[in-house]
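**Student:** In the numbering used here, the protein residues as written are 107 to 490.
First the structure, then my questions, so here it is.
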Ligand SMILES: [Mn+2]
């Protein structure tokens, strides 16, 4: 049984608001689907964050619909769970359900598996932090149902594991049900794979299909996983996507700007020749008495060679940002102190940290804005 495991598609996301970058994401997804079909995948799993926003654009919806239709025509079933990006905080039905309701893909559940060949697939949408206890309880129940199934078992979740990232995780691998052959995860945007002694099989994140806002601009590979469950143990093959837009990050000397720029242009031409796509660049210009206008005027030469670039002057011997030589004893208190200092008000700092930050951490800009708007309308901080 060969399973294609794709996650964090973020269809509709456009880096720098560029149409070409939105198109890149669609092309990467199209490539992942085509390679899955070509390699003979018998099931495609989409492990959450199908869309970048809960109210995706027509083009994003159509791209997913067309891909699922193609899979259906080729006789390859698809199944999905949703991530936090797919789910609105208001009581709306997620867009993703359109595709399960139309019979183009199966929505995964923990109570009852989707069965393909000898394989039973269980899964659930992203659980929020305040529902993690509930999720752990539901997973234990799921384990009992899974045990009754004689063939291979796969669990699909869109959660961060603390085992990989102490701060970004919500759940521990030790809380997962043990009776599964493959744990197909989504949420982390890096490709990660690990075996845990107490789990029945390999746990993997394929990573996102393209670079997303939190990752910055860097040279990196993006891809998806083909998981082979025909042996006694799952084996994985991570496939890098050729449609990925190349990105680079470079340091330039302000003093030797012209020669340095020639170097970056040559490099960009070589990258474009290799990849068929002009790169995205990030440039740090390091020097003394930097005149930003000089840099901007010089960098304009890059317009023909990069699809987009961002740059930042770095003044040599400038005032260093405040550095800590050890971790503050009370991190939360330090966070409040810095926020109050920046915002000039204790109350605003509490508002930002207790009410806005949790939503922002979940990347729920809409809910964060709603709360800010409510506070403004009710005059909560008037005169503060
Ligand atoms: Mn994501």
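For glycine and all other residues, C-beta sits at the position ideal for the given N, C-alpha and C.
Any heavy atom of ligand 1 closer than 6 Å to the Cβ of residue 470?
**Tutor:** Looking up residue 470 in the chain shown gives position 364. No, the beta carbon of residue 470 sits no closer than 6 Å to any heavy atom of ligand 1.
**Student:** Tell whether a beta-carbon distance below 7 Å holds between residue 284 and residue 304.
**Tutor:** Counting from 1 along the chain shown, the entry for residue 284 is found at position 178. Counting from 1 along the chain shown, the entry for residue 304 is found at position 198. Yes, Cβ-Cβ distance for residue 284 and residue 304 is below 7 Å.
**Student:** Which residues are close to ligand 1, meaning CB closer than 5 Å to any heavy atom, in chain order?
**Tutor:** 114, 155
**Student:** Are there 16 or more other CB atoms within 10 angstroms of the CB of residue 231, so buried, or fewer, so exposed?
**Tutor:** Within the chain shown, numbered from 1, the residue matching residue 231 stands at position 125. The C-beta of residue 231 has 16 or more other C-beta atoms within 10 Å across all chains shown, which makes the residue buried.
**Student:** Helix, strand or coil, according to DSSP, for residue 116 in the structure here?
**Tutor:** In the chain shown, counting from the first residue as 1, residue 116 sits at position 10. Residue 116: coil per DSSP, three-state reduction.
**Student:** Measuring straight from C-alpha to C-alpha, what distance separates residue 169 and residue 188?
**Tutor:** Within the chain shown, residue 169 is the residue found at index 63, counting from 1. Within the chain shown, residue 188 is the residue found at index 82, counting from 1. The alpha-carbon atoms of residue 169 and residue 188 are separated by roughly 17 Å.
**Student:** Apply the 10 Å Cβ neighbour rule to residue 319 and answer buried if 16 or more other Cβ atoms are within range, or exposed otherwise.
**Tutor:** Stepping through the chain shown from its first residue, residue 319 is reached at position 213. Counting Cβ neighbours within 10 Å, residue 319 comes out exposed, since fewer than 16 surround it.
**Student:** Within 8 Å, do at least three Cβ pairs link the stretch 206 to 226 to the stretch 132 to 147?
**Tutor:** no
**Student:** According to DSSP, is residue 316 part of a helix, a strand, or is it coil?
**Tutor:** Numbered from 1 along the chain shown, position 210 holds the residue referred to as residue 316. Three-state result, residue 316: coil.
**Student:** For residue 448 and residue 458, I'd like the C-alpha separation in whole angstroms.
**Tutor:** Start at 1 with the first residue of the chain shown, and residue 448 comes out as number 342. Start at 1 with the first residue of the chain shown, and residue 458 comes out as number 352. Spanning the two alpha carbons is a distance of roughly 11 Å.
**Student:** Under a Cβ-count criterion, where at least 16 other Cβ atoms within 10 Å of its own Cβ denotes burial, should residue 221 be classed as buried or exposed?
**Tutor:** The residue you call residue 221 lines up with position 115 of the chain shown. When all chains shown are included, residue 221 counts as exposed.
**Student:** Nearest-angstrom Cα distance between residue 460 and residue 329?
**Tutor:** Position 354 of the chain shown, counted from the first residue, corresponds to residue 460. Position 223 of the chain shown, counted from the first residue, corresponds to residue 329. In a straight line, the C-alpha of residue 460 is about 36 Å away from that of residue 329.
**Student:** Evaluate residue 113 with the Cβ neighbour count: other Cβ atoms within 10 Å of its Cβ, from every protein chain shown; 16 or more gives buried, anything less gives exposed.
**Tutor:** Here residue 113 refers to the residue found at position 7 when the chain shown is read from its first residue. With 16 or more other Cβ atoms within 10 Å, it is buried.
**Student:** Is it the case that the stretch 346 to 361 contacts the stretch 376 to 395, given that we only count it when at least three CB pairs across the two stretches are under 8 Å?
**Tutor:** yes
**Student:** Compare the Cα-Cα distances from residue 107 to each of 369, 341, 389 and report the closest residue.
**Tutor:** For the purposes of this step, residue 107 is identified with residue 1 of the chain shown, where counting begins at 1. It is 341.
**Student:** Suppose contacts are defined by Cβ-Cβ distances below 7 Å. Is residue 238 in contact with residue 260 by that definition?
**Tutor:** The residue labelled residue 238 in the question sits at position 132 within the chain shown. The residue labelled residue 260 in the question sits at position 154 within the chain shown. No. Outside cutoff.
**Student:** Considering only the alpha carbon of each residue, which of 126, 182, 133, 199 lies closest to residue 147?
**Tutor:** To locate residue 147, count along the chain shown from 1; it is residue 41. It is 182.
**Student:** Please go through the same chain and pick out, in chain order, the residues whose beta-carbon is closer than 6 Å to the beta-carbon of residue 229, but skip the five residues on each side of it.
**Tutor:** Reading the chain shown from its first residue, position 123 is the one you call residue 229. Result list for residue 229: 187, 214, 262, in chain order.
**Student:** Please list the segments of the beta strand (DSSP E) lying wholly inside the stretch 211 to 279, counting only runs of 3 or more residues, in order along the chain.
**Tutor:** 220 to 222, 225 to 230, 258 to 264
**Student:** With DSSP run on the structure shown, which of helix, strand or coil describes residue 342?
**Tutor:** Along the chain shown, read from residue 1 onward, the residue named residue 342 stands at position 236. Here residue 342 sits in strand by DSSP.
**Student:** What separation, rounded to the nearest whole angstrom, lies between the Cα atoms of residue 360 and residue 394?
**Tutor:** Here residue 360 corresponds to residue number 254 of the chain shown, with the count starting at 1. Here residue 394 corresponds to residue number 288 of the chain shown, with the count starting at 1. Roughly 8 Å between the two C-alpha positions.
**Student:** Output the distance between the C-alpha atoms of residue 179 and residue 358, rounded to the nearest integer angstrom.
**Tutor:** As a first step, residue 179 is located in the chain shown; it is residue number 73 there, counting from the start. As a first step, residue 358 is located in the chain shown; it is residue number 252 there, counting from the start. The alpha-carbon atoms of residue 179 and residue 358 are separated by roughly 51 Å.
**Student:** Can you grab the Cα-Cα spacing for the pair residue 205 / residue 345, in whole Å?
**Tutor:** Against the chain shown, residue 205 aligns to sequence position 99. Against the chain shown, residue 345 aligns to sequence position 239. Residue 205 and residue 345 have their C-alpha atoms roughly 26 Å apart.
**Student:** Residue 187 bridges to which residues according to DSSP?
**Tutor:** Counting from one through the chain shown, the residue named residue 187 turns up at place 81. DSSP lists 153 as partners of residue 187.
**Student:** Rounding to the nearest angstrom, what Cα-Cα distance links residue 251 and residue 450 in this structure?
**Tutor:** Start at 1 with the first residue of the chain shown, and residue 251 comes out as number 145. Start at 1 with the first residue of the chain shown, and residue 450 comes out as number 344. Answer to the nearest angstrom: the Cα atoms are 55 Å apart.
**Student:** If we ignore side chains and look at the alpha-carbon of each, how far apart do residue 290 and residue 315 end up?
**Tutor:** By 1-based counting over the chain shown, the position of residue 290 is 184. By 1-based counting over the chain shown, the position of residue 315 is 209. Straight through space, the alpha carbons of residue 315 and residue 290 are spaced by roughly 15 Å.
**Student:** Counting Cβ pairs, one atom from each stretch, are 3 or more of them under 8 Å apart for the stretch 480 to 489 and the stretch 243 to 258?
**Tutor:** no
**Student:** How would you label residue 133, buried or exposed, when you count the other beta carbons within 10 angstroms and need 16 or more for buried?
**Tutor:** Residue mapping note: residue 133 aligns to position 27 of the chain shown, counting from 1. Flag for residue 133 reads buried.
**Student:** Using DSSP's beta-bridge definition, name the partner residues of residue 353.
**Tutor:** Position 247 of the chain shown, counted from the start, is the residue given in the question as residue 353. The partner list for residue 353 (beta bridge, DSSP) reads 386.
**Student:** Under 7 Å between the Cβ atoms of residue 335 and residue 281?
**Tutor:** Reading the chain shown from its first residue, position 229 is the one you call residue 335. Reading the chain shown from its first residue, position 175 is the one you call residue 281. No; because the gap between Cβ atoms is not below 7 Å, this pair is not in contact.
**Student:** Output needed for residue 175: all residues of its chain with C-beta closer than 7 Å, excluding positions within five of it in sequence on either side, in chain order.
**Tutor:** Locating residue 175 in the chain shown gives position 69, counting from the first residue. Taken in chain order, the residues that qualify are 210.
**Student:** Might you give, ordered along the chain, the residues of its own chain that have their beta carbon closer than 6 Å to the beta carbon of residue 111, omitting 5 neighbours on each side?
**Tutor:** In the chain shown, counting from the first residue as 1, residue 111 sits at position 5. So the list reads 151, 290, 312, 331, 333, once near-sequence residues are dropped.
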